[in-house]
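**Student:** Dumping the structure here so I can ask a few things about it.
Number of protein chains: 2
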Amino acid sequence: MSGRLGTVVIVGVGLIGGSLGMALRASGACSQVIGADQAPLDEAIAKGAIDRALPLSDAAAAADILVLATPVRRMATVVRDSLLHLKKDAIVTDTGSVKTHLVAELTPLLGDRYVPAHPIAGGEKSGVAAARADLFQNATCILSPLPENAIGAVRAVSDMWEAAGARLEIMTPEQHDEVFAWVSHLPHLVAFGLMEAVGDAATDDCDPAEYSAGGLRDFTRVGGSNPEMWRDIFLTNRDAILKVSAAYRDQLERFETAIKNGDGDALLAAFARSRITR
Amino acid sequence: MSGRLGTVVIVGVGLIGGSLGMALRASGACSQVIGADQAPLDEAIAKGAIDRALPLSDAAAAADILVLATPVRRMATVVRDSLLHLKKDAIVTDTGSVKTHLVAELTPLLGDRYVPAHPIAGGEKSGVAAARADLFQNATCILSPLPENAIGAVRAVSDMWEAAGARLEIMTPEQHDEVFAWVSHLPHLVAFGLMEAVGDAATDDCDPAEYSAGGLRDFTRVGGSNPEMWRDIFLTNRDAILKVSAAYRDQLERFETAIKNGDGDALLAAFARSRITR
Chain A
1 MSGRLGTVVI VGVGLIGGSL GMALRASGAC SQVIGADQAP LDEAIAKGAI
51 DRALPLSDAA AAADILVLAT PVRRMATVVR DSLLHLKKDA IVTDTGSVKT
101 HLVAELTPLL GDRYVPAHPI AGGEKSGVAA ARADLFQNAT CILSPLPENA
151 IGAVRAVSDM WEAAGARLEI MTPEQHDEVF AWVSHLPHLV AFGLMEAVGD
201 AATDDCDPAE YSAGGLRDFT RVGGSNPEMW RDIFLTNRDA ILKVSAAYRD
251 QLERFETAIK NGDGDALLAA FARSRITR
Chain B
279 MSGRLGTVVI VGVGLIGGSL GMALRASGAC SQVIGADQAP LDEAIAKGAI
329 DRALPLSDAA AAADILVLAT PVRRMATVVR DSLLHLKKDA IVTDTGSVKT
379 HLVAELTPLL GDRYVPAHPI AGGEKSGVAA ARADLFQNAT CILSPLPENA
429 IGAVRAVSDM WEAAGARLEI MTPEQHDEVF AWVSHLPHLV AFGLMEAVGD
479 AATDDCDPAE YSAGGLRDFT RVGGSNPEMW RDIFLTNRDA ILKVSAAYRD
529 QLERFETAIK NGDGDALLAA FARSRITR
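As given, the protein sequences belong to chains A and B, one line each in that order.
Counting in our numbering, the first sequence runs from 1 upward without gaps.
Counting in our numbering, the second sequence runs from 279 upward without gaps.
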């Protein structure tokens with residue numbers, strides 16, 4: 001049914017929010033897409049990411065589904081500023097890359113109408129300029145429905161992401177946070193750490209970074225990611241990250257012990273396994 | 279002067295040895311390029327990487343410059359098998375990615391005619407099939423001349439690499455090994471460790487590696503590198519690698535402490551620095 005999702009409001013029209021708007025407008029699944037942002041939204045309108053822009057209070061009042069697509073640390077503020085304006089049956093969802101932290105922050109404010117989600121997409125570039133209608137085609141969107149969510153609310157959010165092209169997968173907030181600590185947050189921490197340690201190794205005589213051939217260079221895309229965004233992710237997914245980072249350091253120490261002992265077989269077995277993980 | 283380098287013998291005609299042969303043959307700087315290898319060299323000849331193939335003893339007897347381009351751990355064996363056949367004034371050099379280990383192994387056998395070198399080039403693919411005449415164009419070749427080397431021997435090896443298109447840079451074997459421990463060996467150890475730790479995190483219910491989006495995926499090229507080659511590098515550059523890996527783990531622990539303490543400013547400062555190192 002065309003327009004079945006009603007009015008979708010996207011707060012934070014960057015790469016993710018903008019791409020969602022473009023995909024939803026192309027799909028015909030909602031009657032309109034309204035954008036709200038701290039920054040001007042002329043470019044988002046020109047690009048066709050939203051039908052129109054409204055101040056947050058007016059946008060919230062119009063929303064059937066309100067999508068929080070700002071940085072994670074701003075989401076609670078957005079919710080507080082929207083709360084008095086939201087329709088009684090409006091659904092609120094988000095695109096944040098951490099989940100338990102947001103559930104703890106937002107559920108006390110929103111109760112059963114908050115349906116947590118995390119579309120797994122992105123790219124080197126951020127901002128609405130990089131948005132694309134097909135960003136979520138064949139991407140996975142993790143849904144973390146809460147026990148208190150009404151089935152209709154979960155269905156509406158699922159419907160929205162499927163209309164945008166994503167495949168859905170269900171995880172608890174805790175599962176989500178540990179999985180993404182492993183495959184996204186830890187790799188970034190590892191890369192930032194490598195860049196920092198190599199930088200620290202520079203002396204007046206010699207800066208190793210000048211000789212960055214293969215190896216280090218593969219880490220620089222990750223190590224060049226948005227510092228503020230990653231600070232927020234590390235601080236808001238603290239427990240899972242501390243757990244996986246410690247497990248990772250233990251693994252490095254096992255490698256060091258094998259190197260110290262000249263145990264080539266142990267190294268070879270691990271490196272061969274890493275080809276399989278790959 | 280055309281052919282000024284005389285006969286260059288390349289032992290181990292893979293990506294590096296094959297590319298060197300192609301570049302030298304194109305440059306006209308040597309009178310001929312002879313290949314010696316454990317594997318058949320038909321493809322190397324068909325590709326124009328060498329003029330002809332000879333058994334190691336005959337090749338060694340013909341060499342003005344003998345280039346060791348086998349895996350590092352085979353080089354001492356090749357030298358032992360060549361020693362009785364080498365002309366008195368033949369020069370021996372290598373392409374190995376570790377230097378102090380090779381100096382300790384080869385100098386007792388070769389004395390002042392061994393001139394250590396390491397061309398910084400490579401790629402995802404190995405083997406002569408991936409060899410290219412321009413692999414060393416604008417690449418750096420590290421030369422680690424020893425105090426006992428005759429100036430003429432150092433000059434011949436420099437001349438050869440410049441004829442192949444490389445820029446030369448001088449480092450002591452110790453400097454070389456620490457710089458490449460930082461920018462090449464440690465990044466590979468870090469990536470192998472990440473793949474292994476993520477693999478270990480899989481349970482019957484959930485395998486995080488299945489969700490490898492950005493982040494982890496950037497590590498998989500490095501983590502998919504040749505296991506035997508990397509085992510050998512880690513074992514033969516042991517001291518430098520243990521040193522930099524421990525420094526790296528300390529850095530990760532500093533990040534963990536900042537995360538534990540909610541110290542976003544410390545994280546932000548480090549991540550911003552990593553953009554500069556990049």
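Using N, Cα and C, we set each Cβ at its ideal position, and we do this for glycine too.
(1) Go to Ile142(A), then tell me how far its beta strand (DSSP E) extends in each direction, as first and last residue.
(2) I need the straight-line Cα distance from Thr514(B) to Ala417(B), nearest angstrom please.
(3) Give the list of continuous alpha helix (DSSP H) stretches no shorter than 4 residues that lie fully inside the stretch 451-529 of chain B.
(4) Would you report the Cα separation of Val370(B) and Val357(B), rounded to the nearest angstrom?
(5) Cα-Cα, which of Ala23(A), Ala29(A) and Val13(A) is closest to Gly6(A)?
(6) Between Ser144(A) and chain B, is there a C-beta pair that is closer than 7 Å?
(7) Determine the extent of the beta strand (DSSP E) in which Ile398(B) is found, giving its start and end residues.
(8) With Asp42(A) as the anchor, note down where its beta strand (DSSP E) starts and where it stops.
(9) Grab the span of the beta strand (DSSP E) containing Asp51(A) for me, first residue to last.
(10) In chain A, what lies closer than 9 Å to Ile429(B) by C-beta?
(11) Taking CB distances under 7 Å as the criterion, tell me whether Glu162(A) reaches chain B.
(12) Which same chain residues, not among the five before or five after Ala331(B), have their C-beta less than 6 Å away from its C-beta?
(13) If you draw a straight line from the C-alpha of Leu388(B) to the C-alpha of Ile294(B), how long is it?
(14) Extract the residue ranges of the alpha helix (DSSP H) inside the stretch 47-114 of chain A, only unbroken runs of 4 or more that lie entirely within it.
(15) With a threshold of 7 Å between beta carbons, is Phe512(B) in contact with chain A?
(16) I want to verify the contact list: residues of chain D whose CB lies under 7 Å from the CB of Phe136(A), in sequence order.
(17) According to a CB-to-CB cut-off of less than 7 Å, which residues of the stretch 467-490 of chain B neighbour chain A?
(18) Between which residues of its own chain and Asp628(B) is the CB-CB distance below 7 Å, once the five residues before and five after are set aside?
(19) For a cutoff of 7 Å on Cβ pairs, would you count Asp372(B) as touching chain A?
(20) Is there a Cβ of chain B sitting closer than 7 Å to that of Gln251(A), yes or no?
(21) Would you report the Cα separation of Val381(B) and Val244(A), rounded to the nearest angstrom?
(22) Any C-beta of chain A sitting closer than 7 Å to the C-beta of Arg410(B)?
(23) Just grab the DSSP bridge partners of Gly35(A) for me.
(24) Let me make sure I understand the geometry here. Which of Glu196(A), Gly96(A) and Arg113(A) has the alpha-carbon closest to that of Gly12(A)?
(25) Could you give the DSSP three-state label for Leu424(B): helix, strand or coil?
(26) Pick from Val157(A), Ile120(A), Thr100(A) and Phe136(A): whose alpha carbon is nearest that of Val9(A)?
(27) Give a yes or no on whether 7 Å exceeds the smallest Cβ distance from Leu267(A) to chain B.
(28) I'd like the list of long-range same chain contacts for Leu285(A), defined as Cβ closer than 8 Å, with 5 residues on each side in sequence excluded.
(29) Let me make sure I understand the geometry here. Which of His185(A), Ala269(A) and Leu242(A) has the alpha-carbon closest to that of Arg254(A)?
(30) Suppose the cutoff is 7 Å on Cβ atoms and the five residues either side in sequence are ignored; what does the same chain contact list for Leu384(B) look like?
(31) Is there contact here, the stretch 447-458 of chain B with the stretch 207-219 of chain A, by at least three beta-carbon pairs under 8 Å?
(32) Leu298(B) lies in the beta strand (DSSP E); which residues open and close that run?
(33) Roughly how many whole angstroms lie between the Cα atoms of Lys87(A) and Leu68(A)?
(34) DSSP beta-bridge partners for Ile170(A)?
(35) Using DSSP's beta-bridge definition, name the partner residues of Arg4(A).
(36) By Cβ distance, which residues of its chain are closer than 6 Å to Ala59(A), with the 5 residues on each side in sequence left out?
**Tutor:** To lay it out plainly:
(1) Thr140 to Leu143
(2) 24 Å
(3) 451-458, 464-478, 494-501 and 505-514
(4) 9 Å
(5) Ala29(A)
(6) no
(7) Run containing Ile398(B): none; DSSP gives neither H nor E here.
(8) Here Asp42(A) belongs to no beta strand (DSSP E); instead the alpha helix (DSSP H) covers Asp42 to Ala46.
(9) First-last for Asp51(A): undefined, no H or E at that position.
(10) Neighbours of Ile429(B) on chain A: none; closest Cβ ~24 Å, over 9 Å.
(11) no
(12) Gly313 and Leu319
(13) 22 Å
(14) 56-62, 75-82 and 100-110
(15) yes
(16) In the displayed structure, chain D is absent; the protein chains listed are A and B.
(17) Leu467, Val468, Phe470, Gly471, Leu472, Met473, Glu474, Ala475, Val476, Gly477, Ala479, Cys484, Pro486, Ala487, Tyr489 and Ser490
(18) The structure shown does not extend to residue 628(B), since chain B is modelled only from 279 through 556, so no value can be given for it.
(19) no
(20) yes
(21) 40 Å
(22) no
(23) Ile10(A) and Ala53(A)
(24) Gly96(A)
(25) coil
(26) Val157(A)
(27) yes
(28) Here chain A has residues from 1 to 278 only, and residue 285(A) is not among them.
(29) Ala269(A)
(30) Met353, Ala354, Val357 and Tyr392
(31) yes
(32) Note, Leu298(B): premise wrong, no beta strand (DSSP E); alpha helix (DSSP H) at Leu293 to Ser305.
(33) 16 Å
(34) Leu143(A)
(35) Cys30(A)
(36) Val9, Ile34 and Ala36
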